[in-house]
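Quick note: to get the numbering used here, add 102 to the position in the sequence shown (first position is 1).
Just so you know, even glycine gets a beta-carbon here, dropped at the ideal spot from N, CA and C.
Every value quoted in this text rests on a predicted model; they were computed, and no experiment measured them.
The next block holds one structure in the form of structure tokens; read it before the comments.
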Amino acid sequence: MAMIGYARVSTVGQTLEGQVAALNEAGADYVVEETGSGGDRDRPALRKLLQRIKRGDVLLVVRIDRLARSVAHLLEVIEELDTKGAGFRSLGDPVDTTTAQGKFTLQILGAVAELERALIRERTIAGLETARRAGRVGGNPKLKARDPEALKAVARARDDHFFDEINAKADEWLPSVRRMRPGKSWQAVADTINRQRPAPSKSWAPDRVKRAARRFVKDGMLDAAVMSRAPKAQPSDRLAAIVAAMVKANPKITLREIARALEQMRERSPSGAAQWSVSSVKMLKDRALRMGLIGETNR
């Protein structure tokens with residue numbers, strides 16, 4: 103069992119010393135430090151901490167707002183800890199899931215969060231109904247009028263949000279991009295990134311990895327060379343051998359049937375795609391013929 107401290111500040115200019123000292127004084131075996139917005143639920147250090155935490159461990163913070171900025175997020179984290187048999191304790195708040203009183207406080211917080219969501223829904227619905235009766239239609243008038251400055255403002259806001267999102271997860275995708283591009287396709291890079299991530303996590307699509315890389319290149323945070331076109335993949339001898347084995351086992355097998363079999367085996371095509379085209383299979387079959395793996399009678 104371990105007492106694991108978690109300390110967080112929002113910006114690089116802030117210091118973690120006070121939190122770390124308080125956590126150590128409270129008995130933390132070690133402290134995980136992080137710099138990032140409390141509104142961001144997917145913080146790398148917190149995510150790794152929650153993945154490693156074990157039954158009997160206790161997550162310790164100086165105040166609830168160091169862990170979560172909303173009751174909903176707090177309850178989400180505590181529920182994840184509870185499923186692992188771990189506890190949670192805040193030094194500055196009456197929340198300690200290792201005690202009966204702390205669990206009772208948590209139930210009250212859950213009820214308050216549900217009431218808050220219900221009230222927000224009711225106020226939103228009532229406000230929209232009042233506006234409709236008054237003849238007002240929601241939305242930004244400038245956006246509806248396609249005002250250029252308003253459109254630029256929205257585009258900037260979306261770009262800033264995207265940058266914050268990919269920057270927070272840079273430790274997931276950036277090392278693979280730097281190591282593999284432009285030598286490998288975006289599909290191959292995405293596959294490598296996803297293999298290294300926890301199973302329940304949302305996977306990275308090739309287009310999203312490419313967009314993230316382009317955004318970092320734009321700010322000079324990544325070498326522009328990563329955006330160069332990847333060299334055309336050459337069919338591997340291993341794939342040709344697999345196709346040859348299928349043909350030998352069933353000389354009447356069609357190219358489409360081979361394609362389906364390769365997809366079921368989760369083999370990637372020479373271009374890195376999950377779906378196989380008949381032309382790609384034919385290219386491998388012809389390669390197997392040239393290599394002498396199958397005879398002319400199997401053409």
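The C-beta of Lys156 has fewer than 16 other C-beta atoms within 10 Å across all chains shown, which makes the residue exposed.
By the CB criterion at 8 Å, Val328 and Ile360 fall outside the cutoff. An exposed status is given to Asp262, since fewer than 16 other beta-carbon atoms sit within 10 Å of its beta-carbon. Membership of Ser192 in the beta strand (DSSP E) is indicated by the continuous run Gly189 to Ser192. When the five nearest sequence neighbours on each side are left out, the beta carbons in the same chain lying within less than 8 Å of the beta carbon of Thr199 are those of Ile180, Leu183, Asp184, Gly189, Phe190, Arg191, Lys205 and Leu208, in order along the chain.
Looking from the CA of Ile295, the closest CA among Pro277, Glu365 and Pro284 belongs to Pro277. In this structure, the CA atom of Gly138 is about 16 Å from the CA atom of Arg165. With contacts defined as CB atoms closer than 8 Å, Ala147 and Val134 qualify as a contacting pair. Judged by beta-carbon spacing, Leu386 lies within the 8 Å limit of Leu341, meaning their Cβ atoms are closer than that value. Counting only residues of its own chain and dropping the five nearest sequence neighbours on each side, Asp159 has a CB closer than 7 Å to the CB of Met103, Ala104, Ile106 and Ala188. If you draw a straight line from the Cα of Lys254 to the Cα of Phe264, it is about 15 Å long. The three-state secondary structure of Ala202, taken from DSSP, is helix.
In the displayed model, Thr226 falls within a helix according to three-state DSSP. If you draw a straight line from the Cα of Phe318 to the Cα of Val279, it is about 11 Å long. Just so you know, the alpha carbons of Asp144 and Ala270 end up roughly 8 Å apart. Boundaries of the alpha helix (DSSP H) around Gly120: Glu119 to Glu127.
In this structure, Val345 is the residue among Val114, Pro353, Arg260 and Val345 with its C-alpha nearest to the C-alpha of Trp378. As the crow flies, the alpha-carbon of Gly285 is around 20 Å from that of Glu369.
Rounded to the nearest whole angstrom, the CA to CA distance from Leu193 to Arg313 is 42 Å. Counted as a single uninterrupted DSSP element, the stretch harbouring Met385 is not any beta strand (DSSP E) but the alpha helix (DSSP H) occupying residues Val380 to Arg392.
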